[in-house]
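Residue numbers (our numbering): 59 to 299.
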């Protein structure tokens, strides 16, 4: 599954009315989906231009930019700050590749400097930067749906540690999310394959799931039994050509 829309359908197959829930995945384009109860189907979250919202955040010295506007401003110089969220990153060489104005490493903080006459600055931790993106996605979904989004399901990389998962929850709390739920990419794929009633895949007892994301490859041997899934084996590695 390459899009949150697919994940939304899979994860909510048996509970049709999830009209106050948002599914967000921050390494895919598009990155958000919700159930439109009035139209009776799932829709991707759109940006201000009416295109599927994408995962990008930038600061131009005056305001925070999102999506396509952020990409245009950065002009290809994009860094995955979610990689360092919830981690102890104290090695300067590792931090330098992000091109950020790091002012503290415990916890990790980034300084944003305004370019107006005030020259004011604000120091934000990575969770707060992530929260700005979550807040934008939630706001866009609420504008389209014309109602409050009560629940957000985050699809995170399978390799995320407990601390990184907690960092996502902290970011959701900063963004004002009432109920944040976390699911790994591999688990989302396993649930989709095993419990998507349209495909009738429940006859399979053991399944090898292979996922490709960016330059990584994940493999998991999944066992399906009594409406549940169990990891028998898991491996993650870098793919090279």
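The C-beta atom is built at its ideal place from N, Cα and C for all residues, glycine as well.
Distance CB(residue i)-CB(residue j) smaller than 8 Å
i, j, result
"residue 214", "residue 223", "yes"
"residue 294", "residue 216", "yes"
"residue 116", "residue 128", "yes"
"residue 180", "residue 142", "no"
"residue 160", "residue 168", "yes"
"residue 277", "residue 266", "yes"
"residue 202", "residue 103", "yes"
"residue 187", "residue 139", "yes"
Residue i - containing beta strand (DSSP E), residue span
i, result
"residue 168", "166-171"
"residue 163", "160-163"
"residue 136", "No beta strand (DSSP E) contains residue 136, which DSSP labels as neither H nor E."
"residue 99", "99-102"
"residue 275", "274-283"
"residue 96", "From DSSP, residue 96 is part of no beta strand (DSSP E); its letter is neither H nor E."
"residue 110", "Neither: residue 110 is in no beta strand (DSSP E) and is coded neither H nor E."
Beta-carbon contacts of residue i that lie in its chain and below 6 Å, excluding the five residues immediately before and after
i, result
"residue 239", "211"
"residue 191", "115"
"residue 132", "116"
"residue 284", "none"
"residue 209", "79, 237"
Alpha carbon of residue i to alpha carbon of residue j, nearest angstrom
i, j, result
"residue 288", "residue 281", "5 Å"
"residue 100", "residue 135", "32 Å"
"residue 165", "residue 137", "19 Å"
Nonlocal neighbours in the same chain, by C-beta distance under 7 Å from residue i, ignoring five residues either side
i, result
"residue 189", "229, 232, 233"
Segments assigned alpha helix (DSSP H), at least 4 residues, entirely inside the stretch 181-261: Qualifying alpha helix (DSSP H) stretches, in chain order: 184-203, 220-232, 243-253.
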